[in-house]
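> Take this structure first; my questions come after.
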Amino acid sequence: MIKLLIDCFGGDHCPEAPVAGAVAALAKNPELHLLLTGDEALIRAELAGKSYDASRLEIVHAPEVIGGDEKPTDAIRLKRNSSMMKAIIMLRDCDDIAGMVSTGSTGALVTGALVRLGRIPGVIRPAFCPLLPTMTGGIVGICDSGANPEVTSAHLRQFAIMASLYLENVYGIASPRTALLNVGLEAEKGDDLRRETYALLKETPSVNFVGNMESRDLLSGSYDLVVADGFSGNVLVKTTEGTAVELLKKLKKDIYSRNLYKFGALLMKRMFMEEKEFMNYQNYGGSVLLGTQKVVVKGHGSSRAVAVEKCIEQAYRMETSRLSAKIESEIAKYEHYED
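Following the working numbering, the numbering of the sequence shown begins with 788 at its first residue and continues without gaps.
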């Protein structure tokens, strides 16, 4: 039995989305045991009328909520009874709890995880690794995407090692094709950091490094993993997601502009629905925080139930694949870099 904590407050659709996602995950996986943190009365109200195995679901009362506009350091210090901090503290203190899922404040989650949980031995800095769909029907990971705006080449090499192990062990992608986000494909492109990282990744046997990648090729299907500093990676992910959303809006607007287009769209309705589902980030789970002592998955703030369910599945598969132990073992093979 794998025990996971679900932070039920802090996101845009809380507590309904986390509660519904938790119930759906329990129904699909008999090996799950979930603990829901948050205001007990509100969680029970969401559970009312739902069918679930009560022996595999617990509620941990936590009446406070960390808002997205709160300073992370103050939030984790002053709001120990918040749904997020209660989950982090329980995750640290209870050996039988494997991980947690949250759609709340990213800053508070990262800070709380680093301060309360700590890092896997040898890991310099944990990093986020979200997934996006590719044009060939696969997925591509981006690591980092927001946790570390300023990095060194040693950080980027560790991101590549950790994320490669994640994709291989959780998603079955053998020897993930790993690229470095840069302004051009040639080895000499970019600033000193990118050139140093390029050389370092070429000397890392556990990473299938295929060279630089320009941002326009992210969804091409030519890469399984893209390594970046947290600032650039976050901009890359959000720009890609935002472009997809705006294109769908324009397509819908254009279809309704003429009766002929409406008729054509009716004939292609099924295809349009499939494309919409393909581009919907809700279907691809959350950003896993690689490098912490225990499993942490950050769902998008606007996650609906299906996205939360996917996040829970990610956390479960990370634990059952013993990913943390594999990261520690692989990182130990390389020279230690001081932060």
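Idealized CB from N, CA, C, for every residue including glycine. Here the structure is a predicted model, which is why all the values come from computation and not from measurement.
Using a Cβ-Cβ cutoff of less than 8 Å, which residues in the same chain neighbour Asp883 once the five nearest sequence positions on both sides are dropped?
Stepping through the sequence shown from its first residue, residue 883 is reached at position 96. Contacts found: Lys790.
> Take Lys1113 as the anchor and find which of Leu844, Pro908, Gly836 has the nearest alpha-carbon.
Here residue 1113 is taken as the residue at index 326 of the sequence shown, counted from 1. For Lys1113, the nearest C-alpha among the options comes from Pro908.
> So, helix, strand or coil for Glu1125, using DSSP?
Counted from its first residue, the sequence shown places residue 1125 at position 338. Its pLDDT being 45, under 50, Glu1125 is placed unreliably by the model, and the measurement read from it follows with that caveat. If DSSP states are grouped into helix, strand and coil, Glu1125 belongs with coil.
> Within a Cβ cutoff of 6 Å, which residues of the same chain sit near Ile793, ignoring the five residues on either side of it in sequence?
Taking the sequence shown and counting its residues from 1, the one referred to as residue 793 is at position 6. Excluding residues within five positions, the ones whose Cβ falls inside 6 Å are Pro805, Ala809, Leu821, Leu823, Val888.
> Taking just the CA atoms, how far does Phe946 sit from Ser1090?
For this step, residue 1090 is matched to residue 303 along the sequence shown. For this step, residue 946 is matched to residue 159 along the sequence shown. About 25 Å.
> What is the DSSP secondary structure of Thr1107, reduced to helix, strand or coil?
As a working note, residue 1107 is residue 320 in the sequence shown. Reduced to three states, the DSSP call for Thr1107 is helix.
> Does the separation of the CB atoms of Ser932 and Leu968 fall below 8 Å?
Taking the first residue of the sequence shown as position 1, residue 932 is located at position 145. Taking the first residue of the sequence shown as position 1, residue 968 is located at position 181. Not in contact: Ser932 and Leu968 (Cβ atoms no closer than 8 Å).
> With DSSP collapsed to three states, give me the class of Thr939.
As a working mapping, residue 939 is identified with position 152 in the sequence shown. Coil, per DSSP.
> Assign Met1105 to one of two classes, buried (16 or more other C-beta atoms within 10 Å of its C-beta) or exposed (fewer than that).
If you number the sequence shown from 1, residue 1105 lands on position 318. Classification of Met1105: buried, given that the 10 Å Cβ count is 16 or more.
> In the DSSP assignment, the alpha helix (DSSP H) including Val810 goes from what residue to what residue?
The sequence position of residue 810 within the sequence shown is 23, counting from 1. Here the alpha helix (DSSP H) through Val810 covers 803–815.
> Can you tell me which residues form a DSSP beta bridge with Asp794?
In the sequence shown, residue 794 corresponds to position 7, counting from 1. DSSP, once it has assigned bridges, lists Thr824, Ser889 as partnering Asp794.
> If I'm right that Glu1117 touches Ile948 with Cβ under 8 Å, what's the distance once you round it to whole angstroms?
By one-based count along the sequence shown, residue 1117 stands at place 330. By one-based count along the sequence shown, residue 948 stands at place 161. About 6 Å separates the two Cβ atoms, so the contact holds.
> What's the C-alpha gap between Pro913 and Gly1017?
Here residue 913 refers to the residue found at position 126 of the sequence shown. Here residue 1017 refers to the residue found at position 230 of the sequence shown. Roughly 11 Å between the two C-alpha positions.
> Whose CA, out of Val1024, Val1032, Asp1041, lies closest to the CA of Ser1074?
Start at 1 with the first residue of the sequence shown, and residue 1074 comes out as number 287. Among Val1024, Val1032, Asp1041, the Cα nearest to that of Ser1074 is on Val1024.
> Measure the C-alpha to C-alpha separation of Leu878 and Gly886 and round it to an integer number of angstroms.
As a position in the sequence shown, residue 878 is number 91, starting the count at 1. As a position in the sequence shown, residue 886 is number 99, starting the count at 1. Leu878 and Gly886: Cα-Cα distance of roughly 6 Å.
> Is Tyr1043 buried or exposed, if buried means 16 or more other CB atoms sit within 10 Å of its CB?
In the sequence shown, residue 1043 corresponds to position 256, counting from 1. Classification for Tyr1043: exposed.
> Whole angstroms are fine: how far does the CA of Asp1041 sit from the CA of Lys1081?
Taking the sequence shown and counting its residues from 1, one reaches residue 1081 at position 294. Taking the sequence shown and counting its residues from 1, one reaches residue 1041 at position 254. Distance between the alpha carbons of Lys1081 and Asp1041 is about 47 Å.
> Could you give the distance in angstroms between the alpha-carbon of Ser869 and the alpha-carbon of Met922?
Start at 1 with the first residue of the sequence shown, and residue 869 comes out as number 82. Start at 1 with the first residue of the sequence shown, and residue 922 comes out as number 135. Going by the C-alpha atoms only, they are around 41 Å apart.
> What are the partner residues of Met1058, as DSSP defines its beta bridges?
Here residue 1058 refers to the residue found at position 271 of the sequence shown. Beta-bridge pairing links Met1058 to no other residue.
> Pick out the complete beta strand (DSSP E) segments inside the segment 991–1018, 3 residues or longer, and give them in chain order.
Complete beta strand (DSSP E) runs here, min 3: 995–1000, 1012–1014.
> Check whether the Cβ atoms of Gly1088 and Thr890 sit closer than 8 Å, and answer yes or no.
The count along the sequence shown starts at 1 and reaches residue 1088 at position 301. The count along the sequence shown starts at 1 and reaches residue 890 at position 103. Yes, the Cβ-Cβ distance between Gly1088 and Thr890 is below 8 Å.
> What separation, rounded to the nearest whole angstrom, lies between the Cα atoms of Leu829 and Pro802?
As a first step, residue 829 must be located in the sequence shown, where it is residue number 42. As a first step, residue 802 must be located in the sequence shown, where it is residue number 15. Approximately 7 Å, taken between the alpha carbons.
> Indicate the three-state DSSP secondary structure (helix, strand or coil) for Arg906 in the structure shown.
Sequence index remark: in the sequence shown, residue 906 carries index 119 (1-based). In the structure shown, Arg906 sits in a strand (DSSP, three-state: E or B).
> With distances taken Cα to Cα, identify the nearest neighbour of Ser951 among Thr1107, Lys815, Thr965.
Sequence index remark: in the sequence shown, residue 951 carries index 164 (1-based). For the residues Thr1107, Lys815, Thr965, the minimum Cα distance to Ser951 belongs to Thr965.
> Mind checking who Val927 pairs with in its DSSP beta bridge?
By 1-based counting over the sequence shown, the position of residue 927 is 140. Answer is Leu919.
> Within 10 angstroms of its Cβ, does Ser1019 collect 16 or more other Cβ (buried), or is it exposed?
For this step, residue 1019 is matched to residue 232 along the sequence shown. By the 10 Å Cβ count, Ser1019 comes out buried.
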